[in-house]
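Peer 1:
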Ligand SMILES: Cc1ncc(COP(=O)(O)O)c(C=O)c1O
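Protein chains in written order, with our numbering: chain W, 1 to 395; chain R, 1 to 259.
1) Which ranges would you report for the beta strand (DSSP E) in the segment 56–96 of chain W if only whole runs of at least 3 residues count?
2) Residues of chain R with CB under 8 angstroms from residue 165 (chain W), in chain order?
3) Residue 1 (chain W): buried (16+ other C-beta within 10 angstroms of its C-beta) or exposed?
4) Return the chain-ordered list of same chain residues with a C-beta closer than 7 angstroms to the C-beta of residue 4 (chain W), the five sequence neighbours on each side being excluded.
5) Show which residues of chain W have a CB atom less than 9 angstroms away from the CB atom of residue 76 (chain R).
6) Along the chain, where does the alpha helix (DSSP H) that runs through residue 250 (chain R) open and close?
7) What's the C-alpha gap between residue 81 (chain W) and residue 179 (chain R)?
8) Classify residue 19 (chain R) as helix, strand or coil using the three-state DSSP reduction.
9) So residue 105 (chain R) contacts chain W; which residues on that side make the cut at Cβ distance below 9 angstroms?
10) Under the three-state reduction of DSSP, which class applies to residue 265 (chain W): helix, strand or coil?
11) Short of 9 angstroms Cβ to Cβ, which residues in the segment 11–22 of chain W face chain R?
12) My guess is that residue 294 (chain W) and residue 314 (chain W) are in contact by the Cβ rule of under 8 angstroms, so how many angstroms apart are they, rounded?
13) Excluding sequence positions up to five away, which residues of its chain have a Cβ less than 7 angstroms from the Cβ of residue 308 (chain R)?
14) Just the Cα atoms here: how many angstroms apart are residue 127 (chain W) and residue 170 (chain W)?
15) Taking 7 angstroms as the cut-off, is the CB of residue 309 (chain W) close to at least one heavy atom of ligand 1?
16) Taking 8 angstroms as the CB-CB cut-off, is residue 155 (chain R) touching chain W?
17) Strictly under 8 angstroms for the Cβ-Cβ distance: is residue 9 (chain W) near chain R by that measure?
18) With contact counted as at least three CB pairs below 8 angstroms, one residue from each stretch, are the segment 185–198 of chain W and the segment 12–30 of chain R in contact?
19) Nearer than 7 angstroms: is that true of the beta carbon of residue 26 (chain W) relative to any heavy atom of ligand 2?
20) Given a limit of 9 angstroms on CB to CB distance, which residues of the segment 177–191 of chain W reach chain R?
21) Can you tell me whether residue 13 (chain R) is buried or exposed? The criterion is at least 16 other CB atoms within 10 Å of its CB, across all chains shown.
22) Whole angstroms are fine: how far does the CA of residue 173 (chain W) sit from the CA of residue 113 (chain W)?
23) Given a threshold of 16 other Cβ atoms within 10 Å of its Cβ, counted over all protein chains shown, does residue 147 (chain R) qualify as buried or as exposed?
24) At the level of alpha carbons, what is the spacing between residue 19 (chain W) and residue 38 (chain W)?
25) By DSSP, does residue 201 (chain W) sit in helix, in strand, or in coil?
26) Looking at the C-beta of residue 100 (chain R), does it have a partner C-beta in chain W at a distance below 8 angstroms?
27) Can you tell me whether DSSP reads residue 285 (chain W) as helix, strand or coil?
28) Pull the bridge partners of residue 352 (chain W) from the DSSP assignment, please.
29) Please go through the segment 227–262 of chain W and give each complete alpha helix (DSSP H) segment of 4 or more residues, from N-terminal end onward.
30) Going along the segment 114–125 of chain R in order, which residues come within less than 8 angstroms of chain W, judged by CB to CB distance?
31) Is there at least one Cβ from chain R nearer than 8 angstroms to residue 35 (chain W)'s Cβ?
32) Rounded to whole angstroms, what is the Cα-Cα separation between residue 202 (chain W) and residue 48 (chain W)?
33) Determine, using beta carbons only, whether residue 170 (chain R) comes closer than 8 angstroms to chain W.
34) I want to know whether the segment 203–211 of chain R touches the segment 1–21 of chain R - three or more CB-CB distances under 8 angstroms.
35) At what residues does the beta strand (DSSP E) containing residue 121 (chain R) begin and finish?
36) Express the C-alpha separation of residue 359 (chain W) and residue 384 (chain W) in angstroms, rounding to a whole number.
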């Protein structure tokens with residue numbers, strides 16, 4: 001296979017990416033672009049990053065052989081336990097990296113957007129740790145369906161501001177965070193929570209998350225005597241946990257990369273967030289990517305039972321994985337995700353986040369051989385979703 | 001030379017450019033508003049193409065965008081409404097809108113059609129200069145369309161020079177580090193930024209926008225540039241006048257600013 005998955009100088013992965021930003025944000029983005037690679041490469045940054053990931057986040061997270069799930073599905077299934085990260089999801093890997101960077105850039109305030117609230121909590125957490133002022137923008141609808149996370153952020157000392165436009169979900173929270181960055185360009189760093197946004201964000205976030213596949217390689221070598229699984233499965237909202245789990249396998253074509261999108265009530269039901277099935281190339285939040293939109297170029301309101309996947313786009317690297325065929329994209333409906341969430345709870349004693357439950361449901365939708373080694377990225381735990389599980393009720 | 005460049009040759013000071021969102025306050029208001037603005041004395045009219053996710057705009061323009069979309073405005077519909085506009089007015093017309101609807105329409109088709117209509121320039125806030133130069137400049141030039149760039153208080157002197165080099169028509173000087181929205185007054189800090197840029201001796205004229213709302217802020221802006229741009233404050237006027245006598249409200253407001 002020739003396709004090389006990598007970002008170019010201008011922030012493009014093939015046809016997707018770039019930095020389509022208002023001029024008012026140019027200095028912020030330029031500052032980040034000109035400094036982040038240098039800062040991230042500094043031994044001091046690396047030492048701090050590694051030490052916090054180890055002693056604060058609890059890395060390396062285990063790679064757990066899921067015996068009962070393996071028996072049920074007839075494959076060797078391993079779970080990468082990002083749910084065991086401090087704060088309960090992979091999101092903190094990125095916020096640790098960005099908060100150290102923000103400090104080194106001399107920033108005083110942090111802003112962030114959040115969907116499920118996991119990124120908001122991870123941001124509020126590192127802000128408390130580093131003594132930084134923190135404001136999180138969150139769609140009003142998401143504040144209602146992810147109540148515990150709103151209160152977690154507040155307990156951690158962050159201000160949570162509702163985004164009241166559009167469908168009042170992740171897209172609208174991101175709009176609001178970008179606006180507030182325009183309004184506070186000098187002392188504020190914007191911690192984007194996924195592999196979306198203008199260059200250099202998508203690659204920067206992917207690099208901070210790439211610790212996931214770095215660890216999978218070493219752990220799988222120990223357990224299976226091989227670094228490469230046959231399949232890696234991860235859910236995709238913006239795509240940060242997937243990018244982290246895929247990163248060191250991008251250019252290893254024998255590893256199948258399965259990206260799982262939320263198909264809501266059905267891909268073609270009008271109530272879905274399955275971007276690759278429904279989207280066309282377009283521009284939102286600073287990058288060219290696949291985007292759910294009308295013929296007139298208006299961004300469509302997505303829908304998913306899971307707030308973290310309820311986004312009308314995907315990170316540009318995923319648009320590129322889709323276009324080149326390097327990634328296999330699967331759409332999982334609400335109902336199937338919920339059933340998978342319950343199944344994993346019963347078989348493995350792990351209640352996954354509803355985002356993550358989508359990745360498990362993909363086991364019913366992709367083909368694999370009976371001796372295949374499959375790694376599922378268990379991106380987060382389901383505590384935040386208890387209300388949704390209870391309301392769904394079918395257990 | 002297009003109408004924008006002509007305008008700056010003929011009028012040297014106190015130019016007023018007014019922004020409104022197409023299809024707002026009511027679906028059929030676009031053409032009547034253009035005519036009323038022209039009669040009331042606006043020198044340039046910026047017609048906003050509504051977008052679902054206007055990240056550089058404050059609540060007033062966000063809401064007008066959403067209302068226009070809810071009432072069925074699209075880029076296609078707007079261009080068909082504007083088809084005969086040059087039989088009605090010779091005022092310079094600018095289309096202002098985010099990049100995605102324009103890309104979906106097709107850049108070449110968009111430029112060709114708006115040039116045929118007699119549109120003079122466009123402002124695309126989320127199209128950065130480098131991307132414009134690489135992907136779109138040739139097309140814009142071929143259709144004699146001015147692409148207007150923004151600068152803000154954070155824009156470095158070096159970059160302002162680069163933008164000046166690549167601009168046509170005028171430079172849109174954003175008055176403060178902010179999204180659009182009516183604010184009260186103009187601060188000392190803003191004035192020192194106006195002065196700093198004024199002293200750079202740029203080859204393109206500048207209009208100051210964002211936060212200009214009345215005679216006082218218009219007068220201040222005009223001391224340091226060729227004129228100013230009003231957006232949110234005008235949208236507020238339209239919102240109040242919805243369903244009533246738009247034309248009279250526009251006349252009264254514009255006169256109160258430029259008097
Ligand atoms: C547990 C979990 N998984 C996945 C996601 C989706 O984000 P991403 O696609 O960036 O990994 C979220 C987002 O909130 C999440 O909380």
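Think of the CB as a built atom: it goes at the ideal place given N, C-alpha and C, for glycine as much as any other residue.
Peer 2: The relevant details are as follows:
1) 63–65, 76–81, all fully within the segment 56–96 of chain W.
2) Under the 8 angstroms cutoff, chain R gives 62, 66.
3) In this prediction, residue 1 (chain W) has a pLDDT of 45, which is less than 50 and means its spatial position is unreliable; nothing more can be read from the coordinates.
4) 251.
5) Per Cβ cutoff of 9 angstroms: 295, 296.
6) 246–258 is the span of the alpha helix (DSSP H), which, as asked, contains residue 250 (chain R).
7) If I take the Cα positions, the gap works out to 41 angstroms.
8) Of the three classes helix, strand and coil, the one that applies to residue 19 (chain R) here is strand, per DSSP.
9) Neighbourhood of residue 105 (chain R) in chain W, by CB distance below 9 angstroms: 296, 297, in chain order.
10) The answer is coil: DSSP assigns residue 265 (chain W) none of H, G, I, E or B.
11) If the cut-off is 9 angstroms between Cβ atoms, the segment 11–22 of chain W has 18, 19, 20, 21, 22 near chain R.
12) Not a contact, Cβ separation roughly 18 angstroms.
13) Chain R is shown only over 1 to 259; residue 308 (chain R) falls outside these bounds and no answer can be derived.
14) The alpha-carbon atoms of residue 127 (chain W) and residue 170 (chain W) are separated by roughly 21 angstroms.
15) Answer for residue 309 (chain W): yes, Cβ within range of ligand 1.
16) Cβ-Cβ to chain W under 8 angstroms: yes for residue 155 (chain R).
17) It does not; no Cβ of chain R falls within 8 angstroms.
18) In the pairwise beta carbon analysis, the segment 185–198 of chain W is classified as not touching the segment 12–30 of chain R: fewer than three pairs are separated by under 8 angstroms.
19) Ligand 2 is absent from the structure shown, which contains only ligand 1.
20) From the segment 177–191 of chain W, only 178, 179, 180, 182, 183, 184, 185, 186 have a Cβ closer than 9 angstroms to chain R.
21) The residue is exposed, with fewer than 16 neighbouring Cβ atoms inside 10 Å.
22) The straight-line gap separating the alpha-carbon atoms of residue 113 (chain W) and residue 173 (chain W) is approximately 5 angstroms.
23) Residue 147 (chain R) comes out buried.
24) In a straight line, the C-alpha of residue 19 (chain W) is about 20 angstroms away from that of residue 38 (chain W).
25) If DSSP states are grouped into helix, strand and coil, residue 201 (chain W) belongs with the helices.
26) Residue 100 (chain R) counts as touching chain W.
27) Here DSSP, grouped into helix, strand and coil, assigns residue 285 (chain W) to coil.
28) The bridge partners DSSP lists for residue 352 (chain W) are W:381.
29) Complete alpha helix (DSSP H) runs here, min 4: 240–246.
30) Here the close residues are 125.
31) Closer than 8 angstroms: no.
32) Linking residue 202 (chain W) to residue 48 (chain W) through their CA atoms gives a straight-line distance of about 22 angstroms.
33) Not one chain W Cβ lies under 8 angstroms of residue 170 (chain R).
34) With a cut-off of 8 angstroms, the segment 1–21 of chain R and the segment 203–211 of chain R count as touching, because enough Cβ pairs lie within range.
35) Under the DSSP assignment, residue 121 (chain R) falls in the beta strand (DSSP E) whose first and last residues are 121–123.
36) Distance from the CA of residue 384 (chain W) to the CA of residue 359 (chain W), rounded to the nearest whole angstrom, comes to 17 angstroms.
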